[in-house]
Every structure is written in structure tokens, then in C-alpha cells.
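Trainee: If you scroll down you'll find the structure; I have some questions about it.
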Amino acid sequence: MANIHKYILLSILLFGLWIPAAAEDITVIKADRVDTITSGLIENGIIVIKDGRITAIGSNIDIPENAEIIDVSDKTIFPGLVNPSSRIGLSSSPGGGTSSKPHLRVVDELYPHQDVYKHVLQAGFTTIGLIPGSAGAGIAGQGAVIRPVGNKPKEMIVIESGLLMINFQANDSTKNVIKSVLDSAKNMTSSSDPKVQPLVNALQGKIPTFIKCGGPGEILHLLKLLEPYKKMKLILIAGSEQYRVADKLAKKKIPVILSPQIDFEPFTRNRINVPKMLTDAGIKIALGPKGDSIEAHEDFLREVTELVKFGLNKELAKKAITINPAQMLAVDYRLGSLAVGKDANLLVLSGDPLDVGTKIHMVMIEGKIVHKAP
Amino acid sequence: MGKNLQISIARTAHLVLVILVTLCMACPLFADESVTAIKGGDLYTITSGIIKNGTILIEDGKISRIGQNIEIPKKAKVINARGKIVMPGLVAATAEVGMTGSGSKIADSLDPFHYHASLALASGITTVYVSSGRPSGSNPIGGTNAVIKPTYGDLDNMLLKESVAQNAGLSSWMGKTSFMQNLRKAQAYLQKLEEYTRNKDQKKLQELKKPSGVDTYIRLLKRELPARLRARTAAEILDIVELIDEFGMRVIIEDAVEAWIVAEEIAKHDIRLIITPREKRRPNENISGPSGSTLENAAILKKAGVKFAIVPTSPSFATWGIAGRDLMALPMEAAFAVSGGLDEQTALEAITINAAEIIGVADRVGSLQVGKDADIIILDGHPFHHKTFVELTLINGKILYEKSKSPYFSHITHND
Chain D
6 MANIHKYILL SILLFGLWIP AAAEDITVIK ADRVDTITSG LIENGIIVIK DGRITAIGSN
66 IDIPENAEII DVSDKTIFPG LVNPSSRIGL SSSPGGGTSS KPHLRVVDEL YPHQDVYKHV
126 LQAGFTTIGL IPGSAGAGIA GQGAVIRPVG NKPKEMIVIE SGLLMINFQA NDSTKNVIKS
186 VLDSAKNMTS SSDPKVQPLV NALQGKIPTF IKCGGPGEIL HLLKLLEPYK KMKLILIAGS
246 EQYRVADKLA KKKIPVILSP QIDFEPFTRN RINVPKMLTD AGIKIALGPK GDSIEAHEDF
306 LREVTELVKF GLNKELAKKA ITINPAQMLA VDYRLGSLAV GKDANLLVLS GDPLDVGTKI
366 HMVMIEGKIV HKAP
Chain G
198 MGKNLQISIA RTAHLVLVIL VTLCMACPLF ADESVTAIKG GDLYTITSGI IKNGTILIED
258 GKISRIGQNI EIPKKAKVIN ARGKIVMPGL VAATAEVGMT GSGSKIADSL DPFHYHASLA
318 LASGITTVYV SSGRPSGSNP IGGTNAVIKP TYGDLDNMLL KESVAQNAGL SSWMGKTSFM
378 QNLRKAQAYL QKLEEYTRNK DQKKLQELKK PSGVDTYIRL LKRELPARLR ARTAAEILDI
438 VELIDEFGMR VIIEDAVEAW IVAEEIAKHD IRLIITPREK RRPNENISGP SGSTLENAAI
498 LKKAGVKFAI VPTSPSFATW GIAGRDLMAL PMEAAFAVSG GLDEQTALEA ITINAAEIIG
558 VADRVGSLQV GKDADIIILD GHPFHHKTFV ELTLINGKIL YEKSKSPYFS HITHND
């Protein structure tokens with residue numbers, strides 16, 4: 006019985022797709038190499054895009070007759086970069102004491118019509134995780150996932166309430182606030198209270214919880230505090246020296262977001278590659294620009310290249326700027342790699358993105374060319 | 198049939214699992230690391246003399262045996278200390294270190310990865326008293342304090358005791374007035390409580406209301422906690438002596454630079470002191486009697502029978518140029534008391550057992566005694582010699598510092 010249902014469903018699906026196909030815009034990209042991230046490198050790759058989504062990808066693919074063809078046979082295609090946590094284009098965070106404001110939403114701060122988004126696009130970023138302004142320690146609100154295009158907030162938003170943001174500090178007042186707020190929502194399955202629902206979602210692991218944290222000592226306090234809330238999907242926005250507790254983070258499978266920089270081991274002139282140390286320990290990492298400045302975005306790929314030069318595995322580095330941040334933001338079902346069914350967010354590059362000298366020729370979001378280098 | 202077989206396999210697997218788990222749980226009993234022995238060194242026990250060529254056995258982080266001719270279990274991990282001096286980890290009775298953050302509960306802000314923790318270990322310090330916040334303005338009490346161990350990287354074993362004294366400040370006259378008024382309020386309440394209880398006067402007991410804000414003062418009056426105050430001059434110290442006469446509290450005085458002038462009074466009132474032998478204070482020209490600092494402070498206090506701890510001028514870790522005057526040279530500070538006439542034993546006590554007693558943790562640390570925490574340091578020379586280095590530091594029986602592997606001092610050797 007179940008099989009028959011499946012066939013019926015499949016045929017309905019196929020039929021449904023087939024009818025509009027004739028009338029829709031179809032774009033086909035022909036490239037030298039397609040770096041899919043999740044299913045390897047395709048030489049002489051072809052990507053078919055319909056309605057902004059990838060419908061076929063490979064090397065031996067029939068090109069639909071009425072397709073618009075973008076022939077970049079000497080170029081490399083790479084997924085659009087995903088910035089895991091950013092405050093770009095938003096006003097600076099207000100200060101404040103320890104508090105709990107889970108109802109605050111970063112999308113309500115969103116302000117399109119800013120040149121920064123254009124610059125970010127040109128630097129290759131097609132998806133941005135926005136985190137709410139940190140009003141001191143405590144629960145800072147709900148983050149969102151946006152695309153840096155569009156004239157109205159709604160056009161920019163991919164996910165409106167994508168994550169819960171916690172600013173952690175190791176002291177009794179912050180711990181008490183976080184604990185009491187989480188405990189109040191611990192046994193609920195849903196709530197009509199906008200102050201409670203995001204907590205319920207985070208506690209049940211329906212949305213990820215991003216946590217800003219200081220050094221390794223604070224991480225130990227944090228892990229202890231959040232130990233009882235087993236279903237929470239914790240993602241750490243790194244402070245400093247996280248490698249000192251790498252074993253604990255790896256054991257708890259907590260991913261880490263950090264910037265691409267070579268650090269000094271404290272009080273020495275020894276250089277250390279923290280992203281490499283974390284991946285060596287088995288931790289999933291995402292790399293984001295060093296700050297919200299345009300320069301930080303423009304320098305980003307070069308800095309990631311430097312990490313690779315200093316020992317970070319190149320494939321892991323590529324994941325750390327695409328599929329990993331997409332997973333952390335829980336949008337990997339449609340973003341972060343090139344695969345059938347996913348959004349056609351991609352970069353057309355002169356070569357490998359992590360080779361020195363590679364240039365971005367074109368940026369596409371959902372099948373539309375949003376930037377073309379002169 | 199198939200089902201029965203499945204069940205029997207499941208049962209067998211279950212049994213094997215149970216046996217495995219039991220074995221694993223029993224494992225620590227047989228594991229090599231469960232007993233550590235330090236052998237061959239001269240043991241400066243502090244509380245029961247020096248044991249030449251002695252042995253210490255450590256089990257479950259505590260000292261389990263100590264003495265000469267102790268048989269070392271075959272499976273023990275052995276640390277050879279031949280030709281070395283073995284003594285309890287040093288205790289800093291005052292420390293301003295980066296291992297704690299702000300907040301009203303120190304346990305919630307400890308940082309086991311702060312570099313001060315590794316510097317403390319390299320300096321042989323295994324216990325420190327830290328405080329967060331101080332009394333300010335007209336409020337004579339405030340802040341909190343704790344005794345912690347620099348267990349680098351290990352948060353769970355860092356806190357020894359939270360709130361071991363009540364920070365008090367009487368430097369402003371408003372603070373002193375408020376302090377005394379509150380003590381009197383608390384005292385009157387306690388007297389009534391005692392009287393009504395003695396007379397079994399239920400009605401009055403029910404009517405009796407505790408004045409607000411006197412909980413801390415009640416603890417001071419009941420001598421549950423000592424008050425920890427700062428008093429530099431003889432006059433300030435005598436002020437506190439008067440308070441003790443009236444209220445009978447336990448008192449610790451920090452920074453008691455002119456204590457030598459009133460040593461007898463201090464001894465009579467059983468006040469504990471924290472002193473810095475090298476601290477300087479000019480004599481006060483407006484006073485005809487003695488005033489100012491002296492290197493003999495510690496020696497004079499000892500003669501009068503006063504118990505004191507010694508801390509350096511800067512009770513922190515400084516890597517930027519006041520070498521020898523911070524916690525990295527805690528024994529050096531005690532050595533200066535020796536140059537002022539103090540006996541070496543008392544000087545050692547002032548940075549171990551007496552410091553531990555003053556900060557309320559002498560039951561756990563401060564001497565090499567059976568049952569105490571295995572917080573032990575191994576030195577390559579006498580603790581008061583300027584060439585001496587800490588070679589090994591253990592806290593709760595675990596080696597947390599080895600000079601030969603540390604970036605701080607491993608490159609320094611003395612060739613003579």
C-alpha cells in the first residue's frame with residue numbers, strides 16, 4: 006500500500022513540475038569546474054536552474070532547449086558564502102545590564118537600501134546570519150537569516166526567527182537570569198507569549214541557540230549551566246583560546262564560529278592556527294569575517310586561504326564558509342552547497358576560491374545575477 | 198526458535214555488558230595512578246618537624262601516609278625527590294589575581310585558564326584567598342571572598358571555600374559609626390532572644406522581630422565568621438581592639454604595618470594579622486612615641502605570641518618588572534621577616550599553615566599531614582634561598598606544574 010502511495014505522490018510531483026517547465030525561465034551554467042561542497046568537484050560541470058532552484062547538476066546533462074545559457078567554461082562555480090553571525094547594516098548595539106529579552110527580533114532592526122549589502126555581495130556573501138544587538142549579558146533575542154538583496158525587509162529575509170541568541174558571562178547574575186528564564190519554559194510545548202515561544206523552540210532544538218562567550222574558563226561555566234537542557238542545539242561564537250577546551254566541545258559536538266586569523270599563543274611569539282586546532286580535535290567550525298566592516302568581508306577569502314597555507318585542511322575550510330554555517334543557521338536544506346533542490350546561490354570564480362589571486366566574476370542569488378564584475 | 202535464540206543472545210550480551218561495566222567501575226582500584234608516592238626528599242611537614250629521606254603516599258588526592266621507612270605499593274606512581282625539599286603548597290592569605298571575575302558569588306566566575314593560575318603553580322602557591330568587591334562609602338561591610346586553588350584547566354576542583362570572612366571597612370568615620378550601631382542592634386536582639394528563650398517566654402519570642410540588615414552582624418557576634426579589616430597604624434589597630442572589647446568578634450587585620458607597636462594588645466585580643474615585612478611607612482613626626490614600619494615587625498609579633506600570615510607588597514602576579522615583590526616570590530617576603538629576627542619555622546608557617554588557619558582552611562591545607570589535601574611542592578633548595586626554584590607542584594595529588602616542561606623557568610639553571 007505504502008509503495009502505491011509513493012508512486013502516486015511521485016507522479017503528481019513530476020506532473021506538477023513538468024507543466025510549468027515549458028513556460029518558465031530556465032538558466033543553464035556551463036563551467037570548467039563546479040565545487041559542490043557536498044558531493045565533490047565536477048569537471049566540465051553543468052548546472053540547470055529553474056525558478057531560482059537547482060534542478061540538475063553534473064557533467065552529462067541534457068540542456069533544455071529554451072534555456073538561457075551562461076557560458077563560463079573557463080571558470081569555477083562555488084556556492085555563495087554564508088556568514089554565520091553578523092551585525093552588518095545594523096546600528097551599533099545598545100549597552101545594558103543583565104537581562105532577558107527573547108522577544109526582541111533582529112529583523113525589526115533590518116534596514117535595506119544600504120550600500121553595505123552591495124559590497125558584501127561583491128565579496129561573495131549571499132547569505133547572512135544576523136544576530137540581535139547585545140544589550141549586555143543574558144538572552145539577547147532572536148536572530149534571522151537574510152540575503153543581502155532586496156528593497157524591503159521582507160525581500161531580504163530568508164528566515165525570520167532563525168535562532169535564539171544568548172550573551173553569556175561567567176557570573177552569578179547572568180547565570181541566574183539564563184537559568185530561570187529557560188526553566189520557566191522547560192516543560193512547555195508551545196506558548197502564545199512572544200517572550201516564551203522562542204525559548205520553547207530553542208529548548209526543543211527547533212531553532213539553534215547561538216552563544217557569545219569569553220575564554221575557555223567561561224565555556225566550562227556555560228557547559229555546566231546548560232547541561233540540563235539536552236535538546237538545545239548550541240553553537241558557540243568564539244571568544245579566545247577555545248582550543249584549551251577543545252576536547253570538551255568535541256565530546257559535546259558543539260560547533261564553533263570564529264574568524265579567520267592566525268593567533269599568538271598567549272605570552273609567546275608562537276603562532277597558532279586555532280581553526281586548525283579545533284578541526285583537528287573533531288569540532289565543526291564555521292568561519293566568518295573578522296568584523297562587520299566592508300574590508301573584513303573583502304579580505305575574507307584571502308584570510309581563509311592563509312589559514313589553509315598554515316595547515317587548515319582545504320576541504321574543511323571550504324565547508325567552514327558554506328555548508329557548515331548553513332547547518333548552524335539551520336538553512337542547509339536550501340543553502341550552503343550546490344545540489345538539486347537547493348537555491349541557486351553561487352559564485353563564478355576565476356579559479357579555486359582558496360587560491361591566491363582568484364577573482365569573483367559573478368554572484369547569483371536564487372538564479373538571478375546580482376553582481377557582475379566589470 | 199529464532200526468537201528464542203535472539204532473546205538468549207540478548208541475555209548473554211546483557212550479562213557481558215554488566216560484567217564489563219562492573220570491571221570498569223572497579224578499575225580505578227587497580228589502576229596504577231591511584232597511589233602516588235613521593236620518596237627520598239626532606240619533608241618539611243611544618244606541623245611536625247622535618248622528616249629526612251621521607252616518603253609521602255597519596256591516595257584519592259589526600260595524603261594517606263607520611264614518614265620514614267614507608268613501604269611503597271608496587272603499583273604506585275613514584276616521584277623521586279632525592280636531595281630535594283618537599284613541603285606543603287604555599288598559601289597566599291591575600292591575592293588579587295585574575296582567576297575570579299566580578300559578581301556576588303565567586304564560584305560562578307572562576308577562570309581556571311587564567312595565566313595567573315599557571316603562574317601561581319610555578320610559584321609553588323596552591324591556595325589563595327581572593328575577594329570580590331569591598332565595603333565602600335558609609336557601608337562598612339560589603340563584597341565577598343573565597344579560598345581557591347589554581348587548578349589550571351579544572352573548574353570543578355578550584356573552589357575550596359566560599360565566604361570565609363566578612364570584608365569590613367572602618368576607614369571612614371561614617372562606616373565605623375554604622376558598623377557599631379548595627380553591631381549594637383544585633384547584640385540587643387541576641388540578648389533579648391537569649392533572655393526570652395531562657396525564660397521560655399513564648400509570647401515575647403513571637404513578638405520579637407529581627408532588625409533588618411543585621412544577619413551579617415549576628416554572624417560576627419556569634420563568631421561564626423571573622424571580620425577582615427584593614428588597619429595600618431597603631432591607632433587604627435587600637436580602635437579595633439576597642440571593638441573587640443565591646444563585641445567579642447574574631448578579627449583579621451590586613452596591612453598591619455604598625456602592629457609591632459601594639460603587639461601585646463593584639464596578642465591579648467587574639468587578633469590574626471596579615472603583614473608584609475618589606476612594607477614601608479615613615480614615622481609620624483607628630484607622635485612622640487614609636488611609629489612607622491620596621492623589618493622587625495614579624496619578630497616582635499612572634500615574641501608577643503601573635504599569629505600572622507605573610508604576603509608580599511603586591512599580592513598579585515606581575516610579569517612586568519617588580520620581580521621579587523609579588524606573589525611569585527612569596528617565600529622571599531617571609532625570608533625578609535627572617536632577616537628582621539624571625540625564626541625560620543615561624544616564617545614558613547606564615548606562608549603555609551598559619552596563613553591557612555587565618556583564611557579558614559587549615560583543616561584541608563597548609564601542612565604535610567595524613568588526611569590533608571595532597572597539595573605539595575618539591576623544591577631544589579631551601580625555600581628561603583634566592584636560587585631556589587619550585588620543580589614540581591601537585592594539587593589534590595595531581596602534578597600540575599613541572600619546571601622542566603614549563604615555559605616560565607625551564608631555561609634557568611644555576612651552574613655552581
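Chains as they are written, first to last, in our numbering: chain D, 6 to 379; chain G, 198 to 613.
Each residue gets a CB set at the ideal place from its N, CA and C atoms; glycine is no exception.
Using a cut-off of 8 Å between C-beta atoms, extract the partners of Thr273 of chain D located in chain G.
Mentor: Translated into positions along the first sequence, residue 273 of chain D becomes position 268. What Thr273 of chain D touches in chain G: Pro604.
Trainee: Assuming Gln147 of chain D and Leu169 of chain D make a contact with CB atoms under 8 Å, what is their CB distance in whole Å?
Mentor: Taking the first sequence and counting its residues from 1, one reaches residue 147 of chain D at position 142. Taking the first sequence and counting its residues from 1, one reaches residue 169 of chain D at position 164. Contact holds; Cβ gap of about 6 Å.
Trainee: Our contact map puts Phe173 of chain D next to Leu227 of chain D with C-beta atoms below 8 Å; I'd like the distance itself, whole angstroms only.
Mentor: Position 168 of the first sequence, counted from the start, is the residue given in the question as residue 173 of chain D. Position 222 of the first sequence, counted from the start, is the residue given in the question as residue 227 of chain D. Yes, Phe173 of chain D and Leu227 of chain D are in contact; Cβ-Cβ is about 5 Å, under 8 Å.
Trainee: What residues in its chain sit with their C-beta under 6 Å from that of Leu597 of chain G, if we drop five residues either side in the sequence?
Mentor: By one-based count along the second sequence, residue 597 of chain G stands at place 400. So the list reads Leu318, Tyr349, Thr590, once near-sequence residues are dropped.
Trainee: Is Asp308 of chain G close to chain D, meaning its C-beta is less than 8 Å from at least one C-beta of that chain?
Mentor: Numbered from 1 along the second sequence, position 111 holds the residue referred to as residue 308 of chain G. With 8 Å as the cut-off, Asp308 of chain G counts as an interface residue toward chain D.
Trainee: What did DSSP end up calling Phe444 of chain G once you bin it into helix, strand or coil?
Mentor: Taking the first residue of the second sequence as position 1, residue 444 of chain G is located at position 247. If DSSP states are grouped into helix, strand and coil, Phe444 of chain G belongs with the helices.
Trainee: Can you pull the chain D residues whose beta carbon is under 8 Å from the beta carbon of Leu352 of chain G, in chain order?
Mentor: If you number the second sequence from 1, residue 352 of chain G lands on position 155. Neighbours of Leu352 of chain G on chain D, chain order: Gly222, Leu225, His226, Lys229.
Trainee: Return yes when the Cβ of Val411 of chain G is within less than 8 Å of the Cβ of Ala383 of chain G, no when it is not.
Mentor: The residue given as residue 383 of chain G occupies position 186 in the second sequence. The residue given as residue 411 of chain G occupies position 214 in the second sequence. Cβ atoms of Ala383 of chain G and Val411 of chain G: closer than 8 Å.
Trainee: Should Ile74 of chain D be labelled buried (16 or more other beta-carbon atoms within 10 Å of its own) or exposed?
Mentor: If you number the first sequence from 1, residue 74 of chain D lands on position 69. Around the beta carbon of Ile74 of chain D, a 10 Å sphere encloses fewer than 16 other beta carbons of the protein chains shown; the residue is thus reported as exposed.
Trainee: Nearest-angstrom Cα distance between Pro512 of chain G and Ile441 of chain G?
Mentor: Here the question's residue 512 of chain G lines up with position 315 in the second sequence. Here the question's residue 441 of chain G lines up with position 244 in the second sequence. Annotation: Pro512 of chain G to Ile441 of chain G spans about 27 Å, alpha carbon to alpha carbon.
Trainee: Assign Pro347 of chain G to one of three DSSP states: helix, strand, or coil.
Mentor: To locate residue 347 of chain G, count along the second sequence from 1; it is residue 150. Here Pro347 of chain G sits in coil by DSSP.
Trainee: Less than 8 Å between CB atoms is the rule here; does Lys302 of chain G satisfy it with respect to chain D?
Mentor: Translated into positions along the second sequence, residue 302 of chain G becomes position 105. Taking Cβ atoms only, chain D reaches closer than 8 Å to Lys302 of chain G, which makes this a yes.
Trainee: Express the C-alpha separation of Gly295 of chain G and His313 of chain G in angstroms, rounding to a whole number.
Mentor: The count along the second sequence starts at 1 and reaches residue 313 of chain G at position 116. The count along the second sequence starts at 1 and reaches residue 295 of chain G at position 98. If I take the Cα positions, the gap works out to 6 Å.
Trainee: Rounded to whole angstroms, what's the CA-CA distance from Ser617 of chain G to Gly521 of chain G? Just pull it up for me.
Mentor: Limits of chain G in this structure are 198 at one end and 613 at the other, which puts residue 617 of chain G out of reach.
Trainee: How would you list, in chain order, the residues of chain G whose beta-carbon sits under 7 Å from the beta-carbon of Lys180 of chain D?
Mentor: The sequence position of residue 180 of chain D within the first sequence is 175, counting from 1. Here the neighbours are Asp305.
Trainee: Give the DSSP-derived three-state secondary structure of Met284 of chain G in the structure shown.
Mentor: Your numbering for residue 284 of chain G matches position 87 in the second sequence. Strand at Met284 of chain G.
Trainee: For Ile415 of chain G, is the classification buried or exposed, using 16 other Cβ atoms within 10 angstroms of its Cβ as the cut-off for buried?
Mentor: Start at 1 with the first residue of the second sequence, and residue 415 of chain G comes out as number 218. Classification for Ile415 of chain G: buried.
Trainee: I'd like to know if the stretch 249 to 260 of chain G and the stretch 290 to 305 of chain G are in contact, where contact means that at least 3 CB-CB pairs between them fall below 8 Å.
Mentor: no
Trainee: Please confirm if the stretch 445 to 465 of chain G is in contact with the stretch 429 to 437 of chain G, defined as three or more CB-CB distances below 8 Å between the two stretches.
Mentor: yes
Trainee: Answer with yes or no whether the minimum CB distance from Asn176 of chain D to chain G is below 8 Å.
Mentor: Taking the first residue of the first sequence as 1, we reach residue 176 of chain D at position 171. Chain G contact via Cβ: present.
Trainee: With 8 Å set as the bound, which would you pick, yes or no: does the beta-carbon of Gly339 of chain G sit closer than that to a beta-carbon of chain D?
Mentor: What you label residue 339 of chain G is simply residue 142 of the second sequence in a count that begins at 1. Chain D, which has no Cβ nearer than 8 Å to the Cβ of Gly339 of chain G, makes this no.
Trainee: CA-CA distance, Ile290 of chain D and Ala234 of chain G?
Mentor: Reading the first sequence from its first residue, position 285 is the one you call residue 290 of chain D. Reading the second sequence from its first residue, position 37 is the one you call residue 234 of chain G. About 43 Å.
Trainee: Relative to the C-alpha of Ser355 of chain D, which residue among D:Leu321, D:Phe83, D:Asp252, D:Ile54 is closest?
Mentor: Mapped onto the first sequence, residue 355 of chain D falls at position 350. Selected option, being the one with the closest Cα: D:Phe83.
Trainee: On a CA-only basis, which of G:Val448, G:Thr516, G:Met529 is nearest Val503 of chain G? Give me that one, please.
Mentor: Taking the first residue of the second sequence as 1, we reach residue 503 of chain G at position 306. The shortest Cα separation from Val503 of chain G among G:Val448, G:Thr516, G:Met529 belongs to G:Val448.
Trainee: Pair every Cβ in the stretch 320 to 334 of chain G with every Cβ in the stretch 552 to 568 of chain G, then say whether three or more of these pairs are closer than 8 Å.
Mentor: yes
Trainee: What separation, rounded to the nearest whole angstrom, lies between the Cα atoms of Lys180 of chain D and Gly568 of chain G?
Mentor: For the purposes of this step, residue 180 of chain D is taken as the residue at position 175 of the first sequence. For the purposes of this step, residue 568 of chain G is taken as the residue at position 371 of the second sequence. Roughly 35 Å between the two C-alpha positions.
Trainee: Are the CB atoms of Ile224 of chain D and Val250 of chain D within a distance shorter than 8 Å?
Mentor: Taking the first sequence and counting its residues from 1, one reaches residue 250 of chain D at position 245. Taking the first sequence and counting its residues from 1, one reaches residue 224 of chain D at position 219. For Val250 of chain D and Ile224 of chain D, yes; Cβs fall inside 8 Å.
Trainee: Would a C-beta distance cut-off of 8 Å place Leu359 of chain D and Leu283 of chain D closer than the cut-off?
Mentor: By 1-based counting over the first sequence, the position of residue 359 of chain D is 354. By 1-based counting over the first sequence, the position of residue 283 of chain D is 278. For Leu359 of chain D and Leu283 of chain D, no; Cβs fall outside 8 Å.
Trainee: Compare the Cα-Cα distances from Glu439 of chain G to each of G:Lys465, G:Val361, G:Thr491 and report the closest residue.
Mentor: Looking up residue 439 of chain G in the second sequence gives position 242. Checking every option, the nearest Cα to that of Glu439 of chain G belongs to G:Lys465.
Trainee: Alpha carbon to alpha carbon, what distance is there between Gly102 of chain D and Gly138 of chain D?
Mentor: In the first sequence, the residue the question calls residue 138 of chain D occupies position 133. In the first sequence, the residue the question calls residue 102 of chain D occupies position 97. Straight-line measurement puts the Cα of Gly102 of chain D at about 13 Å from the Cα of Gly138 of chain D.
Trainee: Run through chain D and tell me which residues come within less than 8 Å of Phe299 of chain G, C-beta to C-beta.
Mentor: In the second sequence, the residue the question calls residue 299 of chain G occupies position 102. With the sequence shown as reference, residue 299 of chain G is identified as Ser, and Phe is not the correct amino acid for it. Neighbours of Ser299 of chain G on chain D, chain order: Asn176.
Trainee: Return no unless some Cβ of chain G is closer than 8 Å to the Cβ of Arg4 of chain D.
Mentor: Not covered by the structure: residue 4 of chain D. The range shown for chain D is 6 to 379.
Trainee: Suppose you measure from the CA of Asn551 of chain G to the CA of Ser329 of chain G; what does that come to, to the nearest Å?
Mentor: Residue numbering aside, residue 551 of chain G sits at position 354 when the second sequence is read from its first letter. Residue numbering aside, residue 329 of chain G sits at position 132 when the second sequence is read from its first letter. Cα to Cα, the separation comes out at about 23 Å.
Trainee: Would you list the residues sitting across from Val4 of chain D in a DSSP beta bridge?
Mentor: Given a span of 6 to 379 for chain D in the structure shown, any question on residue 4 of chain D remains unanswerable.
Trainee: Return the CA-CA distance between Glu462 of chain G and Ala343 of chain G, expressed in angstroms with no decimal places.
Mentor: Position 265 of the second sequence, counted from the first residue, corresponds to residue 462 of chain G. Position 146 of the second sequence, counted from the first residue, corresponds to residue 343 of chain G. Glu462 of chain G and Ala343 of chain G: Cα-Cα distance of roughly 29 Å.
Trainee: Which residues bound the alpha helix (DSSP H) around Gly178 of chain D?
Mentor: Position 173 of the first sequence, counted from the start, is the residue given in the question as residue 178 of chain D. According to the sequence as given, residue 178 of chain D is Ser; it is not Gly. 177 to 190 is the extent of the alpha helix (DSSP H) around Ser178 of chain D.
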